[in-house]
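K.L.:
What follows is a structure written as structure tokens; I'll ask about it next.
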Amino acid sequence: MPSKKVAWIQPIRLSLLTLLALMSLGSHANAADRPPNIVFIFADDLGFADLACYGHPYAKTPNIDKLATEGARFTQAYVTGTTCNPSRTGLMTGLYPARYQKYAANYGFGDRVTITELLNDAGYHTAHFGKWHIGPKETAVHGHYGIDKVEVMGGSTKDPQGRDARLFSSAEKHLRSLAGSDQPFYLNIWAHSTHFAVSSPPERADLFKNIAFNRGDFSPAIQDKFDLCEEIGGELKHCMKQYLGDVYGLDQCVGRLMKTLDELKLRENTIVIFSSDHGPAPILIGGKYGRREHAENMLGYAGIYRGGKHTHYEGGLRVPFIIRWPDKVEPGRLDEDSVINFIDWMPTLASIAGIADKLPDQLDGEDVSDIWLGVDRQRNKAMYWRASLGNGTPVMREGKWKLHLPVRPGAKPELYDLEADPAETVNLANTQTDVLKDLSIELRAWADELPGSYDKPERKTK
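Spelled out as structure tokens, the structure:
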């Protein structure tokens, strides 16, 4: 097996556009012009292939597709967790969520600095609209985590303008209040589409009434979900209409936001990033999720990738990632080779804002601003995942290799070559024994750094 250093070395090719962009990054600290604004749109439970530009056979997402043609689209972008809070914890703090002994959704981030604090200290106006889930409700207040303005709000599945129309409208109103200011801004817009429960109003669902639904238009990875939908009484075309109506509503909200940025003449110096917090949700029946007809509608699609929300297979971890930055990111670029992760969010934005020297000493990610801008290179750091459970299965990706290493007695390791088998269908643990040995040592060493047990929140009594 070649050394890891040799395996990672790749030729670096810079276009003139990329060179100019990198030069501008390094000049932020001393230049008279301000650093860029940042708008971060985060969907909820949206699958890798739920957008037309990512291969969904029936989805209508013209505004998000346009965003992709105006910027770059990545196909190997990963999140830091397979549920809502872990995914957000990694990007907000630059640490893998499994490092937190106390679950951040209930306890917050403790004394760990956040990217919003770093940007705020550097002169950015910071704001957050939509879903919170990065601490108890008591933390969702102006000023917390260095966020100047916080508006936590839910969505309405009955809103004909889109489930998230209200929070996008609030974000647009806030943008208008900033018009004319020389202060750069960072804006979180964390949507609810397509989180359970999906139920689209007729105005949106009927946009898809003429689809000729054919299971053969979809990969084998989603066929079990189709089977379950039918097993519990769902009619696939109807349920698909409901789901795609929810996606379309999100797309319309994105379109209105992009129009607002243009009207306010903010396009040129604003980075817009669109992504999802993890893969699509499974079909959930009964219990606290209630109405079965809503469970039937959970037909989020991860394309060829196995798994979804709650799993560490590619369908749970790999997400759409689109970045638009005029004159910096080449329009229409499709990046199928670069591997990026939201664990890189903090060091990357700090680099772009010219405050890399303010980063905390411990960071699990790396600065991938050059990759965002078009540099052809492999990432330097391996990527790791584990649920916040003492006996959770640790998982890693290094280069083309993905290893799942269960710790429970009798469970077998799973090793996949993602270049040859991105759907994780052929376990090579019994044939690639040298790779398995080397990666197992690395993965166990990382897991040994994590807490042996985790605090569970106390039950609140009435």
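By the count of numbering that gives the first Met the number 0, the sequence shown reaches residue 461 at its end, each step adding exactly one.
Ideal Cβ positions, reconstructed from N, Cα and C, are used throughout, including at glycine.
1. Starting from residue 105, trace the beta strand (DSSP E) both ways and give me its first and last residue.
2. Straight-line CA distance for residue 453 to residue 389?
3. What first and last residue would you give for the alpha helix (DSSP H) that runs through residue 442?
4. What residues match up with residue 223 in a beta bridge as DSSP calls it?
5. Tell me where the beta strand (DSSP E) around residue 194 begins and ends.
6. Answer with buried or exposed for residue 175, where buried requires no fewer than 16 other C-beta atoms within 10 angstroms of its C-beta.
7. Find the nearest neighbour of residue 235 within the set 255, 244, 213, 249, judged by alpha-carbon distance.
8. When the Cα atoms are used, what is the spatial distance from residue 232 to residue 341?
9. Counting pairs of beta carbons, one from the stretch 185 to 205 and one from the stretch 145 to 163, are three or more of them closer than 8 Å?
10. Cβ-heavy atom distance between residue 344 and the ligand SAH below 7 Å?
11. Which one or two residues does DSSP pair with residue 257 in a beta bridge?
12. Enumerate, from N- to C-terminal direction, the unbroken alpha helix (DSSP H) stretches of 4 or more residues contained entirely within the stretch 336 to 387.
13. Measure from the alpha carbon of residue 64 to the alpha carbon of each residue in 215, 332, 78, then state which is nearest.
14. Please name the residue, chosen from 47, 129, 32, 33, that lies closest to residue 313 on a Cα-to-Cα basis.
15. Just the C-alpha distance for residue 316 and residue 124, rounded to the nearest angstrom, thanks.
16. For residue 1, does the count of other Cβ atoms within 10 angstroms reach 16, so buried, or fall short, so exposed?
17. By the DSSP assignment, the beta strand (DSSP E) with residue 125 in it spans what residues?
18. Considering only C-alpha positions, which residue in the set 143, 252, 240 is nearest to residue 58?
19. At the level of alpha carbons, what is the spacing between residue 258 and residue 420?
20. Apart from the five residues on each side of it in sequence, which residues of its chain come closer than 7 Å, Cβ to Cβ, to residue 399?
21. Would you kindly report the start and end of the unbroken beta strand (DSSP E) that includes residue 60?
22. So, for residue 253: in the same chain, excluding its five sequence neighbours on each side, which residues have a beta-carbon less than 6 Å away from its beta-carbon?
23. Under the three-state reduction of DSSP, which class applies to residue 75: helix, strand or coil?
24. Buried or exposed: which applies to residue 455, given that a residue is buried once 16 or more other Cβ atoms fall within 10 Å of its Cβ?
25. Residue 323 lies in the beta strand (DSSP E); which residues open and close that run?
26. Rounded to whole angstroms, what's the CA-CA distance from residue 89 to residue 353? Just pull it up for me.
27. Where do the N-terminal and C-terminal ends of the beta strand (DSSP E) with residue 148 fall, by residue?
28. At what residue ranges does the stretch 229 to 255 contain a whole run of the alpha helix (DSSP H), taking only runs of 4 or more?
29. Within the continuous beta strand (DSSP E) that includes residue 401, where are the two ends?
30. With H, G and I counted as helix, E and B as strand and the rest as coil, what does DSSP make of residue 30?
31. Can you check DSSP and say which residues form a bridge with residue 415?
32. With three or more beta-carbon pairs closer than 8 Å as the criterion, would you say the stretch 89 to 99 touches the stretch 374 to 390?
33. Figure out for me which residue from 207, 217, 283 has the closest Cα to the Cα of residue 227.
34. My assumption, with CB atoms under 8 Å, is that residue 319 sits in contact with residue 50. Please give the rounded CB distance.
P.N.:
This is what the structure holds:
1. Looking at the DSSP string, residue 105 is not in any beta strand (DSSP E); the run it does join, the alpha helix (DSSP H), is 103 to 106.
2. So the alpha carbons of these two residues sit roughly 7 Å apart.
3. Taken as a continuous stretch (DSSP letters only), the alpha helix (DSSP H) holding residue 442 covers 432 to 447.
4. For residue 223, DSSP assigns no beta-bridge partner whatsoever.
5. Segment: none, residue 194 is in no beta strand (DSSP E) and carries neither H nor E.
6. When all chains shown are included, residue 175 counts as exposed.
7. Considering only alpha carbons, the answer is 213.
8. Looking at the two C-alpha atoms, the distance is approximately 38 Å.
9. Taking 8 Å as the limit for Cβ pairs, the verdict is that the stretch 145 to 163 does touch the stretch 185 to 205.
10. The ligand content of the structure shown is nil, which means the ligand SAH is not present either.
11. None; residue 257 has no bridge partner.
12. When DSSP assignments are scanned along the stretch 336 to 387, the uninterrupted stretches of alpha helix (DSSP H) that are 4 or more residues long and fall wholly within it turn out to be 344 to 351, 368 to 371.
13. Measuring C-alpha to C-alpha distances from residue 64 to each of 215, 332, 78 identifies 332 as the nearest.
14. The option with the nearest alpha carbon to residue 313 is 47.
15. Taking the CA atoms as reference points, residue 316 sits about 31 Å from residue 124.
16. At residue 1 the pLDDT is 34, less than 50, meaning the model places this residue with poor confidence and gives no usable figure here.
17. Where residue 125 is concerned, the enclosing beta strand (DSSP E) stretches over 124 to 129.
18. Closest option to residue 58, Cα to Cα, is 240.
19. Whole-angstrom Cα-Cα distance: 40 Å.
20. Within the same chain, residue 399 has close Cβ partners 416, 417, 418.
21. Careful: residue 60 lies outside any beta strand (DSSP E) and carries neither H nor E.
22. Correct list, in chain order: 62, 63.
23. Correct three-state label for residue 75: strand.
24. Answer is exposed; the Cβ neighbour count stays below 16.
25. First-last of the beta strand (DSSP E) with residue 323: 317 to 323.
26. CA-CA distance, residue 89 to residue 353, rounds to 21 Å.
27. Residue 148 -> beta strand (DSSP E) spans 148 to 151.
28. If we require 4 residues or more, the stretch 229 to 255 turns out to have no alpha helix (DSSP H) run fully inside it.
29. That run of the beta strand (DSSP E) goes 400 to 403.
30. Per-residue confidence for residue 30 stands at a pLDDT of 40, beneath the threshold of 50, marking its modelled position as unreliable; no derived number is given.
31. According to DSSP, residue 415 shares a beta bridge with 401.
32. Taking 8 Å as the limit for Cβ pairs, the verdict is that the stretch 374 to 390 does touch the stretch 89 to 99.
33. Distances from the CA of residue 227 to each of 207, 217, 283 were compared; the closest alpha carbon is that of 283.
34. The C-beta separation of residue 319 from residue 50 comes to about 6 Å, placing the pair in contact by the 8 Å criterion.
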